[in-house]
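*Asks:*
In my numbering, the protein residues as written are 875 to 927.
#1: Can you tell which of 920, 910, 926, 912 has its C-alpha closest to the C-alpha of residue 899?
#2: Do residue 897 and residue 924 have their beta-carbon atoms positioned less than 8 Å apart in this structure?
#3: In terms of alpha-carbon separation, which member of 917, 894, 885 lies closest to residue 902?
Put into structure tokens, the structure is as follows:
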């Protein structure tokens, strides 16, 4: 049973890691979205949101 718990925890952590990698590699698209929503300095705002959250 311990092996199943370890596999489950590993898969759960992989979900968050893949989300973080996707967020950090799509900064240009996210900055474009933020700019379209009216954020005046979109690129710095996206970097701040990535590293402060």
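Positions of the beta carbon are idealized from the N, C-alpha and C atoms, including for glycine.
Keep in mind the model is a prediction, meaning the values are calculated, not measured.
*Replies:* Once the coordinates are examined:
#1: To locate residue 899, count along the chain shown from 1; it is residue 25. Of the residues 920, 910, 926, 912, the one whose Cα lies closest to the Cα of residue 899 is 920.
#2: Your numbering for residue 924 matches position 50 in the chain shown. Your numbering for residue 897 matches position 23 in the chain shown. Result yes, Cβ atoms of residue 924 and residue 897 sit closer than 8 Å.
#3: On the chain shown, residue 902 is found 28 positions in, with the first residue counted as 1. Minimum Cα distance to residue 902 is reached at 917.
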